[in-house]
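Undergrad: I have a structure I would like to understand better, so I am pasting it below and will then ask my questions one at a time.
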Amino acid sequence: MTPQLVNAGKIRLHNQTDSAEQHFENLHRQYADALHRLRSHVDDAIDTQEFVRASETAMRRYTNRCEDAITSNYPQGMVDNTSQIARLGNRVLMTAQNEADNSEEPAYCDRVNSAANQVRSAIPPMVTQAKQVAISPRDTGAANAWRSANDRLLDSVRAVGDAIAGIQNGRQSAMYQDSLNRVSPYPQQSTQVIRTVPPQPPTPPIIHNKMIIREEIPAPPRPPPPVEISPPPRPPPPPEYDEEEETRAFWERYPLPQASHQPILSAAHSLHNELKQWSSQENEIVAAAKRMAILMARLSQLVRGEGGT
């Protein structure tokens, strides 16, 4: 539906009518419904806990890019990456709400809804502080305020993942905490211990024993080249129809009547004589009038009982 929606938008842009506006609104509504159904199918197909964890990791990655934008004094980068953080936060919020709605366990629903409310209350302050940073990238106070609001949002997203996984506060696994440290958006103040990992031995090469080339077997002969078949000659064009010549020949067979009891034929001749001064080539009105004169002459013939078709 995307090409249809784009074309409807172009028509609406260049043609400000009620029908174009209604057509665009109908397509926009159908497109939004299709996206909602697609998002629902995706949410049902993936693991909710893994989705929340992946969203948190992506939000921390965009946070790193925001820090780079602050360092390089790039307001547009701050706006773009903050928008991605807010979008992912809203997706986590929607996922948590769907998870609570589909569960029948009261304790689980309360835990997930409480974490979702923290995300809902943390998104607007982060966006507001990000706008201040975009306006004044050199303002250290605005940057620190945004970092605090963003930390609160990241913590609330992590709390949603913990609530879905059933992990109590302060009891996160060491493996997940280590993965968060690897993508931490801010420099760590605590002392880190660097562990030396011995190098792994190289893996043995893979030998493809099944691929054996036999040089003594000659290659099969090449197939003959395809025979070019010329297309059949085009048929001759149909003879051109000269309507002027046909009209002239018709009126030679219908001379002007001498008696006054043929008014239809007389009127047809009058119309024909009036139209002689114009050509019917590329003039549909003149051509139609000449055909009308011929039909009037034939009608006169039928009225007189001379037959014809």
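Sequential numbering from 1 applies to the sequence shown in UniProt numbering. Cβ atoms here follow ideal geometry from the backbone N, Cα and C, with glycine treated the same way.
Assign residue 6 to one of two classes, buried (16 or more other C-beta atoms within 10 Å of its C-beta) or exposed (fewer than that).
TA: Here residue 6 refers to the residue found at position 6 of the sequence shown. With fewer than 16 Cβ atoms within 10 Å of its Cβ, residue 6 is classed as exposed.
Undergrad: Find out if the Cβ-Cβ distance for the pair residue 290, residue 275 is shorter than 7 Å.
TA: Mapped onto the sequence shown, residue 290 falls at position 290. Mapped onto the sequence shown, residue 275 falls at position 275. Against a cut-off of 7 Å, the Cβ pair of residue 275 and residue 290 comes out as a contact.
Undergrad: Which residue comes first and which comes last in the alpha helix (DSSP H) that contains residue 104?
TA: Your numbering for residue 104 matches position 104 in the sequence shown. Per DSSP, residue 104 belongs to no alpha helix (DSSP H) and is neither H nor E.
Undergrad: Considering only C-alpha positions, which residue in the set 96, 123, 122 is nearest to residue 110?
TA: Taking the first residue of the sequence shown as 1, we reach residue 110 at position 110. Cα-wise, what sits closest to residue 110 is 96.
Undergrad: Between which two residues does the alpha helix (DSSP H) harbouring residue 140 extend?
TA: To locate residue 140, count along the sequence shown from 1; it is residue 140. Taken as a continuous stretch (DSSP letters only), the alpha helix (DSSP H) holding residue 140 covers 140-165.
Undergrad: Have a look at residue 186 and residue 64 and give me their C-alpha separation to the nearest angstrom.
TA: As a first step, residue 186 is located in the sequence shown; it is residue number 186 there, counting from the start. As a first step, residue 64 is located in the sequence shown; it is residue number 64 there, counting from the start. For residue 186, the predicted structure reports a pLDDT of 48, less than 50, and the residue's modelled location is therefore unreliable. The matter cannot be settled from this model.
Undergrad: Taking a contact to mean a Cβ-Cβ separation below 7 Å, would you say residue 249 touches residue 271 in this structure?
TA: If you number the sequence shown from 1, residue 249 lands on position 249. If you number the sequence shown from 1, residue 271 lands on position 271. No, they are not a contact pair.
Undergrad: Do residue 52 and residue 115 come within 7 Å of each other at the CB atom, strictly closer than that value?
TA: Taking the sequence shown and counting its residues from 1, the one referred to as residue 115 is at position 115. Taking the sequence shown and counting its residues from 1, the one referred to as residue 52 is at position 52. No, they are not a contact pair.
Undergrad: Using 8 Å for Cβ pairs, my map puts residue 86 next to residue 127. What's the rounded Cβ distance?
TA: Here the question's residue 86 lines up with position 86 in the sequence shown. Here the question's residue 127 lines up with position 127 in the sequence shown. The pair is a contact, with the Cβ atoms about 5 Å apart (cut-off 8 Å).
Undergrad: Flag this pair as touching only if the stretch 21-40 and the stretch 64-76 have three or more C-beta atom pairs under 8 Å; answer yes or no.
TA: Segments in contact, no.
Undergrad: What residue from 247, 297, 83, 264 has the CA that sits closest to residue 278's CA?
TA: Mapped onto the sequence shown, residue 278 falls at position 278. Checking every option, the nearest Cα to that of residue 278 belongs to 247.
Undergrad: From which residue to which residue does the alpha helix (DSSP H) around residue 62 run?
TA: For the purposes of this step, residue 62 is taken as the residue at position 62 of the sequence shown. Segment 48-71, the alpha helix (DSSP H) holding residue 62.
Undergrad: Determine the direct distance from the alpha carbon of residue 13 to that of residue 156, and round the result to whole angstroms.
TA: The residue given as residue 156 occupies position 156 in the sequence shown. The residue given as residue 13 occupies position 13 in the sequence shown. C-alpha separation (whole angstroms): 42 Å.
Undergrad: What's the C-alpha gap between residue 300 and residue 268?
TA: Start at 1 with the first residue of the sequence shown, and residue 300 comes out as number 300. Start at 1 with the first residue of the sequence shown, and residue 268 comes out as number 268. Cα to Cα, the separation comes out at about 9 Å.
Undergrad: Here's the rule: buried if 16 or more other CB atoms are within 10 angstroms of the residue's CB, otherwise exposed. What is residue 1?
TA: For the purposes of this step, residue 1 is identified with residue 1 of the sequence shown, where counting begins at 1. The residue in question, residue 1, is exposed, as its Cβ has fewer than 16 Cβ neighbours within 10 Å.
Undergrad: Would you call residue 140 buried or exposed, if buried means 16 or more other Cβ atoms sit within 10 Å of its Cβ?
TA: Taking the first residue of the sequence shown as 1, we reach residue 140 at position 140. Result: exposed.
Undergrad: What distance in whole Å lies between the Cβ atoms of residue 134 and residue 78, which are believed to be in contact at a cut-off of 8 Å?
TA: Here residue 78 corresponds to residue number 78 of the sequence shown, with the count starting at 1. Here residue 134 corresponds to residue number 134 of the sequence shown, with the count starting at 1. So it is a contact: roughly 5 Å between Cβ atoms.
Undergrad: Using only the alpha-carbon positions, how far apart do residue 59 and residue 163 sit?
TA: Against the sequence shown, residue 59 aligns to sequence position 59. Against the sequence shown, residue 163 aligns to sequence position 163. One C-alpha to the other measures close to 19 Å.
Undergrad: According to DSSP, is residue 313 part of a helix, a strand, or is it coil?
TA: Because the chain here runs from 1 to 309, residue 313 falls outside it and cannot be looked at.
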